[in-house]
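Residue numbers (UniProt numbering): 1 to 867.
One structure is given below, encoded as structure tokens.
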């Protein structure tokens, strides 16, 4: 095989068939003749007479045989590389290192990727000991620029992919740092080399932790990076500020001296740089400062687990620098792009994001300077200053004292609302966004009698505006409705009720658009859904009218499916269907179908959508949620639809890799609640699948959590008939409850254990409820239940949760109510149980209903102790 010719055909042939045949040849060679295939590719990579594009493809082809994001594939690739004889591997590595010296930068880049791919396998195994020696030597002062650049690039790639906790990799830290500092220092004449070195430094910061902790080495690293911020090249300056941000993120506790000596001045001047790239990265530095200080504050206020030791001091860099940094940020808000794309990050966006973090970090310290800026600019002739004033106001709403903000919001709303008629789109869009922030964060600043009518008028007009404005108007309405109308389902009226008719009409009209530019159509349906879910009694007739429109539109999408042409049409239709289903679900939950004909029509529609959905469709989950709402509305009458629906439900449950599986488990729980004992004929099928999925190590954690919780719903539904599942379910629950976190457990594991324990509580609550008519059958498991409750009681973060405490005290009371002959009396003597009930009754953060439950549990405890 002439591998070079095949590679050229695969890459450069204008004939699709020729390209496909060449690609097939390469795949076959990789599969059946792996070592010779790598040998041929290596020869092409190192041959200076071969076309650049072909050599690049050869290098990438070798690399792709060694790297994968999939863990199993990566393991197989590693084993296959390890099986290659040493001389063959040595030849590949030698060629890769030799190709780093190529004067063709693109070929050298491919070689750098290949070197990193091999290093990712060999360095952790203490192999390739001379690699770092070669790379460090390649970065010395006397080496050509191209050699230094490509070698530093390889080091950067190595650091980007390698495991910083592996001793074999960490052992290379000194060499890595030596090469990087050689390339990054100001004495290096090549800007390209310095920038590559700074980028490599960013990737290496986790590996050089020991070096950074030594003051002398840390001082030199900081000196080199700070000098790079003053280089005569904008890209290098931007990279250096980016490196400082990363250093601040990783090594905040070491930064006090450097902030005082240099970083305050350097970064403020960097923010003022006329280059957008430089200014953005300097702003990013201060965003990172605030992010770190917010995290430290949260840790110190015990937001995280109480068992976590907080040993970080908050130096309050942001508060100290606020008089220099804040005016600079405010000024940068005026550097908007004329026709900026929402996805294109620019200086004004970076400044707004940083200002929000500053407000969250420093609180009311940002208010006075920001309000002065707003007052001066909100009525300026220059649209940039008007927009910046509104952006500044909206950006400081999360952090400062709400009482102060509520007062200034009352003053700011009239001039701000007048800008909803501004001739410049950017100004109107930002005003709509700012109104949404006010409604979301400081609702007390909105007077429902004086401000709300004008806000609603502005939103209804905004529904007919540009998609950007429409989207933010919908977001504002969602926030207003959720804040002011959250008691709607339990009330005759809400402050939002008088506006429902006009709002619904405006949204229905706005939602007729055929595209979804700026997510505007999706937003209108989200707003309709929130209006439905928060509707008070006096608006239900209006919501019922909307339901007819939504059902008709969903039915019409079934016809549209037959007319789809391409993927864009399919995506557009699915987005529409998902939005319509979401609204429909909220309406059904609020306005139950009042007759069999209505529920028949709904289920016919939903089953048709299931039947006609396209392969790999995202819509199935939303259909299941809508079906769950129908079941919740019609209760035991849902039984007539089970025969038609069960095949779809079982298919989803049997595919645990599907994103719909977890929703399907939740739907089984909904059906159990709705149908009660009528679900029993299907329980064998459900339980078999559930137990199988729990035993499958590859099944997602969230699915397993939902299954454990669902056991409780099934037990409560079928009552004593749950006995045949009791032994195996209790065995599973006891096994799951034995999972403990370690001192160094990552946050996702800790969170998973918390979720698991809450699901076990749900399961026990349902089982105790369901088996109360067979107390003798349940009795052998009571000790396990109380043992689990005592463990949960020791977890401080869990017993701050009202739902957790409610479940525990409910179980304590329910078990006592079942056993009145002293069978479980001894469990009620435990001190932890008395402590928990006392906490539930005394904690001011808990609701009155929980306190009543705790009072009842205490009475049940007293009754047990008196037996």
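By construction, the Cβ of each residue, glycine as well, lies at the ideal position given by its N, Cα and C atoms.
Just so we're clear, the structure is a prediction, and the values are computed from it rather than from any experiment.
Delimiting residues of the alpha helix (DSSP H) encompassing residue i
i	result
residue 207	Here residue 207 belongs to no alpha helix (DSSP H), and DSSP marks it neither H nor E.
residue 404	402-418
residue 345	Careful: residue 345 lies outside any alpha helix (DSSP H) and carries neither H nor E.
residue 751	747-770
residue 110	105-122
residue 311	Segment: none, residue 311 is in no alpha helix (DSSP H) and carries neither H nor E.
residue 833	831-842
residue 384	383-395
residue 180	173-184
residue 50	Element bounds for residue 50: n/a, residue is neither H nor E.
residue 791	782-793
residue 515	Neither: residue 515 is in no alpha helix (DSSP H) and is coded neither H nor E.
residue 168	167-170
residue 534	Careful: residue 534 lies outside any alpha helix (DSSP H) and carries neither H nor E.
residue 448	Here residue 448 belongs to no alpha helix (DSSP H), and DSSP marks it neither H nor E.
DSSP state of residue i mapped onto helix, strand, coil
i	result
residue 647	helix
residue 473	helix
residue 491	coil
residue 305	With a pLDDT of only 48 at residue 305, under 50, the local geometry of the prediction cannot be trusted, and no value is derived from it.
residue 820	coil
residue 130	coil
residue 854	helix
residue 677	helix
residue 219	helix
residue 702	helix
residue 723	helix
residue 546	helix
residue 774	coil
residue 846	coil
residue 274	coil
residue 566	coil
residue 505	helix
residue 740	coil
residue 17	helix
residue 399	coil
residue 633	helix
residue 541	helix
residue 229	coil
residue 39	helix
residue 261	helix
residue 137	helix
residue 142	coil
residue 812	helix
residue 89	helix
residue 486	coil
Inter-residue CB distance, residue i and residue j (contact presumed, cutoff 8 angstroms)
i	j	result
residue 801	residue 730	Not quite, the Cβ-Cβ distance comes to about 24 angstroms (not below 8 angstroms), so this is no contact.
residue 351	residue 283	6 angstroms
residue 462	residue 502	Incorrect: roughly 13 angstroms between the Cβ atoms, too far for contact.
residue 766	residue 711	7 angstroms
residue 520	residue 453	Incorrect: roughly 24 angstroms between the Cβ atoms, too far for contact.
residue 856	residue 813	5 angstroms
residue 384	residue 334	5 angstroms
residue 329	residue 355	5 angstroms
residue 652	residue 661	6 angstroms
residue 107	residue 99	6 angstroms
Top-ranked residue by Cα proximity to residue i, from the options
i	options	result
residue 429	469, 441, 156, 289	469
residue 576	759, 434, 609, 700	609
residue 867	847, 839, 823, 854	823
residue 595	621, 638, 696	638
residue 398	415, 294, 473	294
residue 174	206, 325, 187	206
residue 29	61, 55, 45	61
residue 131	277, 171, 456, 141	171
residue 507	556, 63, 580	580
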